[in-house]
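Visitor:
2 protein chains.
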Amino acid sequence: MARWEPGARERFVAAALELFTDQGYDDTTVAQIAERANLTKSTFFRHFSDKREVLAAGQETLSRLFVEGIAGAPAEASPLQAVAAGLDNAASAMTPFNRQLGPRLHAVIATSSELQERAVLKQVGMARAMADALRERGIPDQVATTAAELGVLAFKEAFAEWIADGADDDANLAALLREALDRLRSAVAQLG
Amino acid sequence: MARWEPGARERFVAAALELFTDQGYDDTTVAQIAERANLTKSTFFRHFSDKREVLAAGQETLSRLFVEGIAGAPAEASPLQAVAAGLDNAASAMTPFNRQLGPRLHAVIATSSELQERAVLKQVGMARAMADALRERGIPDQVATTAAELGVLAFKEAFAEWIADGADDDANLAALLREALDRLRSAVAQLG
Chain A
9 MARWEPGARE RFVAAALELF TDQGYDDTTV AQIAERANLT KSTFFRHFSD KREVLAAGQE
69 TLSRLFVEGI AGAPAEASPL QAVAAGLDNA ASAMTPFNRQ LGPRLHAVIA TSSELQERAV
129 LKQVGMARAM ADALRERGIP DQVATTAAEL GVLAFKEAFA EWIADGADDD ANLAALLREA
189 LDRLRSAVAQ LG
Chain B
9 MARWEPGARE RFVAAALELF TDQGYDDTTV AQIAERANLT KSTFFRHFSD KREVLAAGQE
69 TLSRLFVEGI AGAPAEASPL QAVAAGLDNA ASAMTPFNRQ LGPRLHAVIA TSSELQERAV
129 LKQVGMARAM ADALRERGIP DQVATTAAEL GVLAFKEAFA EWIADGADDD ANLAALLREA
189 LDRLRSAVAQ LG
């Protein structure tokens, strides 16, 4: 019987990012990732469908957290307040592990146009998921779409600040997210 | 010496869309497209790098038109007025040919997840190009980004209306674009 490995997922991600950085994404195999993580290939495939999935899985989790947060916002929340609830929910699930691996993840993605395209598509998917969740609340189509776009932009900006070199050790992602969303709200007021 | 073919580009696009619709995108070769267009393969390759480019070229042209229109907007234009100038410039370049082939183009893209991904990436590229053009005007980063997102959304909506079954024969794309941008401006005012 397969033994359950606590933290296996994180170990695979850390091992994969090390190998992608050291020897390149294309030249890294699942067998090498498993070996580096001190786990088996079959355990790998219980967590991820392939090595690309190691990079994309975080974005899928984020989408789910956004959607849950938006669905759980109070009925009287404005569209942007519902988005803020989604961002809050995502922030509450982010760990020091996410923060520590963020820069390496970004660096790996920057090495490959295929990975960059994957990341862009995932972001578009996140915005769609958010917009769907907002429409579920009865928010009109275009309001939902624009609110979701702002939500994804806010997340990108705040996350980049959170993982940046020189960011305060106790920088709070939830606070950075609220600030980023506020800045975008002000930006929108200047559209003319 | 190669003979210059007036309208060759449009003939290739029309031939390619016919073949993609009839026999599928994957099963269509450049040789078949050239034959259907009554032109040579070497003429094809003077216009497009491959068959995928036939579908993407329109989006690249659009990006260029948006950017030119934004750059040419009066100095005192607000961010959304500059976007509107970009949309106007694109509208002025759209022909009955674009309108006629639009539905077939959309239908072909809908048949393939690879083509859908390409189209999404091109749209993201268009928004970036617009945002860059807005930043060139001294518009702050986030204002430029959000204005560009609204511009691409407006274009998608208005173009879909223009090519829709049952749209008025003399529907005016420029007018539809202005209406779409106005709707999005109102949507943004409801973000809360």
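Residue numbers (our numbering), protein chains in the order written: chain A, 9 to 200; chain B, 9 to 200. Don't be surprised by glycine CBs; every beta carbon is placed ideally from N, CA and C.
Need the endpoints of the alpha helix (DSSP H) that Leu-88/A sits in, please.
Guide: 87-101 is the extent of the alpha helix (DSSP H) around Leu-88/A.
Visitor: To the nearest whole angstrom, what separates the beta carbons of Phe-56/B and Phe-20/B, a pair I think is in contact under 8 Å?
Guide: The Cβ separation is near 7 Å, so the contact holds.
Visitor: Which chain A residues are close to Leu-129/B, counting only those with a beta carbon under 8 Å from its beta carbon?
Guide: Simply Glu-125, Val-128, Leu-129.
Visitor: Beta-carbon within less than 7 Å of Ala-175/B's beta-carbon, same chain only, minus the 5 sequence neighbours each way: which residues are those?
Guide: Glu-169, listed in sequence order.
Visitor: Over the uninterrupted alpha helix (DSSP H) stretch that includes Leu-199/B, give me the two end residues.
Guide: Premise fails: Leu-199/B is in no alpha helix (DSSP H) and is neither H nor E.
Visitor: Could you check whether the Cβ of Arg-191/B sits closer than 8 Å to any Cβ belonging to chain A?
Guide: Yes, Arg-191/B counts as interfacial toward chain A.
Visitor: Can you tell me whether Met-9/A is buried or exposed, with buried defined as 16 or more other CB within 10 angstroms of its CB?
Guide: At Met-9/A, the pLDDT of 47 sits below 50, so the modelled position is not reliable and the matter cannot be decided from this model.
Visitor: In the DSSP assignment, the alpha helix (DSSP H) including Thr-29/B goes from what residue to what residue?
Guide: Unbroken alpha helix (DSSP H) run through Thr-29/B: 16-31.
Visitor: Give the residues of chain A in contact with Leu-88/B, contact being defined as C-beta atoms less than 9 Å apart.
Guide: Those within 9 Å of Leu-88/B in chain A are Leu-199, Gly-200.
Visitor: Can you name, in chain order, every residue of its own chain whose Cβ lies under 7 Å from the Cβ of Lys-59/B, other than the five neighbours on each side?
Guide: Excluding residues within five positions, the ones whose Cβ falls inside 7 Å are Ala-24, Thr-36, Val-38, Ile-41.
Visitor: Given this structure, state the Cα-to-Cα distance separating Gly-200/B from Asn-46/B, to the nearest angstrom.
Guide: Cα-Cα distance, rounded: 57 Å.
Visitor: Taking Cβ to Cβ, would you say Ala-162/A is nearer than 8 Å to Leu-192/A?
Guide: Yes, these two residues count as a Cβ contact at 8 Å.
Visitor: Identify the contact partners of Pro-82/B in chain A, using a Cβ-Cβ distance below 7 Å as the criterion.
Guide: In chain order: nothing, as chain A lies at least about 12 Å away.
Visitor: Going by alpha carbons, who is nearest to Asp-190/B out of Leu-184/A, Val-151/A, Asp-190/A?
Guide: The shortest C-alpha separation from Asp-190/B is found at Val-151/A.
Visitor: Could you check what DSSP says for Asp-35/A in three-state terms: helix, strand or coil?
Guide: In this structure, Asp-35/A counts as coil in the three-state DSSP scheme.
Visitor: When you compare the CB positions of Leu-123/A and Glu-125/B, do they come within less than 8 Å of one another, or not?
Guide: No; because the gap between Cβ atoms is not below 8 Å, this pair is not in contact.
Visitor: On the premise that Ala-139/B lies in contact with Thr-153/B, defined as a C-beta separation below 8 Å, what is that separation, rounded to the nearest angstrom?
Guide: Indeed, because the Cβ distance is near 5 Å, the residues count as touching under 8 Å.
Visitor: Less than 8 Å between CB atoms is the rule here; does Ala-195/B satisfy it with respect to chain A?
Guide: Output row for Ala-195/B: interface = yes.
Visitor: Restricting to Cα atoms, I'd like to know which of Phe-105/B, Arg-136/B, Glu-26/B is closest to Arg-72/B.
Guide: Closest option to Arg-72/B, Cα to Cα, is Arg-136/B.
Visitor: Return the residues of the segment 151-163 of chain A that lie within a Cβ-Cβ distance of less than 8 Å from chain B, sorted by chain order.
Guide: Here the close residues are Val-151, Thr-153, Thr-154, Ala-155, Glu-157, Leu-158, Leu-161.
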